[in-house]
Amino acid sequence: MRNQLFLYLSDFLALFFPKICAGCGHVLVSQERYICTSCLFHLPITDFHLDLNNQVARQLWGKFHFEHASALFLLRQDSRVERILYQIKYANQPQLAYFLGRKYGETLSNSHTFQDVDVIVPVPLHKKKLKKRGYNQSFYLAKGLGIALSKPVLEHGLTRVGEGTSQTKKSRLERYDNVQDVFFCPDETILADKHVLLVDDVLTTGATLTAAAEKLIAAGCRISVLTLARA
């Protein structure tokens, strides 16, 4: 009876405060969460985790040594994925990142590619950006992955000591210069000899992931990489 009353109340509230799909903007029905069934079906899921020579891995070759690299979605301009990423980063929807991280983790749990990971570390935000946004989307993505993969998440495995500036309009070389020496590993003893899964929301040039990975490798870690999307 209580569950039925809750459903009635949820349906009633939805008339005045409808939940909107992050991908297309349409109203979600009662059994849908964050993303509608149609968008989930049409999202460009990569299955990169099944291919050691996938596009993400090839993009990162020569930048730093890693075990595996993958991304859940391909990112294109004016796409569902772009709208979803906007909702995660700028529309105060960290739980959407958690939801997708958990979905991704459930997929990865059926393969052996990332099973020997010891700990998950999200790429951190600078404290000023974190204060302004209120959350680190990569941490919520990592939390979802951690639940599905049964792996611990070390939120402060890396910290960001340099603020840098937005990467959006910078050239490839400027992006690398912008993130040089901005990451710091506060306790290398915790991560030494561990296989770390480094998690970020989007892979573009690879500059941010490279800078973060270099600090973890210097601490004695093996690295694998996961992002929500690859541009």
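The sequence shown begins at 3 in my numbering and counts up by one. Positions of the beta carbon are idealized from the N, C-alpha and C atoms, including for glycine.
{"Query": "Endpoints, the beta strand (DSSP E) within which LEU230 is located", "Result": "224-232"}
{"Query": "Own chain residues within Cβ distance below 8 Å of VAL119, not counting five before or after", "Result": "LEU151, LYS153, HIS197, VAL198, LEU199 and SER226"}
{"Query": "Minimum C-alpha distance to GLU216 - residue among CYS38, PHE50 and LYS65", "Result": "LYS65"}
{"Query": "The region 181-194 touching the region 105-113, judged by at least three CB pairs closer than 8 Å", "Result": "no"}
{"Query": "Rounded straight-line distance, which links the Cα of TYR142 to that of ILE219", "Result": "23 Å"}
{"Query": "Sheet register partners of PRO124 (DSSP bridge)", "Result": "VAL201"}
{"Query": "Cβ shell of GLY208 (< 8 Å), same chain only, five flanking positions each side left out", "Result": "GLN61, LEU62 and LYS65"}
{"Query": "Contact set for ILE149: own chain, Cβ-Cβ below 6 Å, skip 5 residues either direction", "Result": "ARG104"}
{"Query": "Reduced DSSP category for SER81 - H, G, I as helix; E, B as strand; rest coil", "Result": "coil"}
{"Query": "Start-to-end residues for the beta strand (DSSP E) that takes in LEU74", "Result": "71-76"}
{"Query": "ALA99 vs SER72 beta-carbon contact at 9 Å", "Result": "no"}
{"Query": "From THR39, GLN95, ALA24 and THR206, residue whose alpha carbon lies closest to that of ARG232", "Result": "THR206"}
{"Query": "Counted within 10 angstroms of its Cβ, other Cβ atoms place THR210 as buried (16 or more) or exposed", "Result": "buried"}
{"Query": "Nearest candidate by alpha-carbon position, reference ASP80, set LEU45, LEU228, CYS223 and TYR137", "Result": "LEU45"}
{"Query": "When PHE116, LEU102 and PRO96 are compared against LEU132, the one with the closest alpha-carbon", "Result": "PRO96"}
{"Query": "Per-residue burial, TYR10 [other beta carbons within 10 Å of its own, 16 or more giving buried]", "Result": "With a pLDDT of 46 at TYR10, under the threshold of 50, the predicted position of this residue should be treated as unreliable, and no value is reported."}
{"Query": "Three-state class that DSSP yields for THR210 in the structure shown", "Result": "helix"}
{"Query": "Sub-9 Å separation of THR229 and VAL184 beta-carbons", "Result": "no"}
{"Query": "ILE225 CB to nearest heavy atom of the ligand FAD below 8 Å", "Result": "Ligands in the displayed structure: none, and consequently the ligand FAD is not present."}
{"Query": "Strand pairing of THR161, partner residues [DSSP]", "Result": "PHE186"}
{"Query": "Reduced DSSP secondary structure (H/G/I, E/B, other) of VAL155", "Result": "strand"}
{"Query": "Local conformation of VAL58 per DSSP, three classes", "Result": "helix"}
{"Query": "Those residues which DSSP pairs with VAL273 across a bridge", "Result": "Absent from the structure is residue 273, since the part of the chain shown begins at 3 and ends at 233."}
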